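Below is one structure, written out as structure tokens; comments come after it.
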Amino acid sequence: EPEPEPEPEPEDDEELLDGDDDREGDDDFLAAGAEDDEDVDLDAEGDATASDASELMPAEDDADAGVLSTAVGYVQNAVANPAVRNLGILGGVVLAGSFALSVYNVYMRYNSSRSKRKRQVNKNVVVVERLRDFFPENRDSLTKGHIRGLQGKTGFKPEEIFRKYMRYKLNEEAFNVDFVADVLALKRACDLDGNAMRSVLMETGERMVKKYGILMRDVSDMGSAGVQRKVDGCSMFAKVMYLADLDEFIPSSEGKAVQQRLKEIFGATDEDYEKLRISALGSERVDISVLEAMITDKTSGDAKAKEGGDERSDEGGEPPVAA
2 EPEPEPEPEP EDDEELLDGD DDREGDDDFL AAGAEDDEDV DLDAEGDATA SDASELMPAE
62 DDADAGVLST AVGYVQNAVA NPAVRNLGIL GGVVLAGSFA LSVYNVYMRY NSSRSKRKRQ
122 VNKNVVVVER LRDFFPENRD SLTKGHIRGL QGKTGFKPEE IFRKYMRYKL NEEAFNVDFV
182 ADVLALKRAC DLDGNAMRSV LMETGERMVK KYGILMRDVS DMGSAGVQRK VDGCSMFAKV
242 MYLADLDEFI PSSEGKAVQQ RLKEIFGATD EDYEKLRISA LGSERVDISV LEAMITDKTS
302 GDAKAKEGGD ERSDEGGEPP VAA
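Residue numbers for the sequence shown follow the numbering used here, beginning at 2 and rising by one.
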């Protein structure tokens, strides 16, 4: 038979009281721990909730991608629509046509005769302004390098540069000793030979005839404007003939042929040339005048004509009146 279990020994009241106190302390500790666990759980739940909310919010890249994909979708849908597609094609054609028309207008304006003449005039102005600083005081400092610089600036050949500046001087400056020295210095800087000078004189003469007309010394039937025009034409003829007769300007072997050709261009006779010929130049800053030669010749012609008429009148007499 099993042995009966011994009965538990009764504990003291103090030990029982101490046990109660210990249980109360344990209960307090567990309660505090439970509260701490609740706080931790709340914090964890808050963090978890915040992290879940941030995960639910779309990222910036995703938002941009979404907007782009939406826009692409709209465009694709619009292109798929035949009416929109045809309208887009029509708009593209209109824009392309407008652009092509603008390019064409710019091209035509740039290549119009007015634009070309304006660019040509601007180049002529550059030639005149660059060379004018050398004459007459600094003519010896003019070199081939300056002419090459003008070539690069304007695109003109040395012969063209010489012709343009000489024509400017013929129109604007007095024909005197300084004039001849200036054109000779320019000729050396441009390094022109006899053939080039022949071409320059011929072209200059042709341009003068286009501007002033053929040579006429009898201007009795013209108005003041016509008289001045013919006087200027005679003056230009006398100047280019003087240059053609100058050995330093053109060799004498070619100068005679040039003079004869200039007479043909101006429609002048040997008598006209002898009347208008410049025999010498002065150093004063005044231009030559052919008006005196023209008036003198015209006056002498009128006087001779009048004398001839008087003689014919005296020889014939009036018939006697019958009684």
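Yeah, the Cβ is synthetic: ideal placement off N, Cα and C, and Gly gets one too. Remember, predicted model here, so these are calculated numbers, not experimental data.
Do A226 and R278 have their C-beta atoms within less than 8 angstroms of each other?
-> Remark: C-beta atoms of A226 and R278 do not approach each other more closely than 8 angstroms.
Among G146, R131, S142, which has the Cα closest to the Cα of Y166?
-> With distances taken between Cα atoms, Y166 lies closest to R131.
Starting from the Cα of L187, find the closest Cα among D141, K211, R199 and give me that residue.
-> Nearest option by C-alpha distance: D141.
Tell me, please, whether the stretch 110 to 120 touches the stretch 149 to 166 by the rule of three or more beta-carbon pairs shorter than 8 angstroms.
-> The answer is no - the stretch 149 to 166 does not touch the stretch 110 to 120, with fewer than three Cβ pairs under 8 angstroms.
Which full runs of the beta strand (DSSP E) of 3+ residues lie inside the stretch 162 to 186, going along the chain?
-> None, since the stretch 162 to 186 contains no complete beta strand (DSSP E) of that length.
Just tell me which of K145, S236, V201, F157 has its CA closest to the CA of G214.
-> Out of K145, S236, V201, F157, the CA that lies nearest to the CA of G214 is found in S236.
Should I266 and V259 be called a contact, given that it needs their Cβ atoms to be closer than 8 angstroms?
-> Contact annotation: I266 and V259 have beta-carbon atoms that are not nearer than 8 angstroms.
Do the CB positions of L263 and L202 come within less than 8 angstroms of each other?
-> One thing to note: L263 has its Cβ within 8 angstroms of the Cβ of L202.
Cβ neighbour criterion (16 or more within 10 Å) applied to L244 = With 16 or more other Cβ atoms within 10 Å, it is buried.
For V129, which three-state DSSP category applies?
-> Secondary structure at V129: helix, using DSSP grouped into helix, strand and coil.
Inspect the beta-carbon positions of L282 and V178 and report whether they are closer than 8 angstroms.
-> Taking a C-beta distance under 8 angstroms as the contact criterion, L282 and V178 qualify as a contact pair.
Ordered along the chain, which non-local residues of its own chain (more than five positions away) have a Cβ less than 8 angstroms from that of G224?
-> Cβ neighbours of G224 within its own chain (closer than 8 angstroms, five residues either side excluded): none.
Just how far apart, CA to CA, sit N125 and L88?
-> Using only the alpha carbons, I get a separation of about 53 angstroms.
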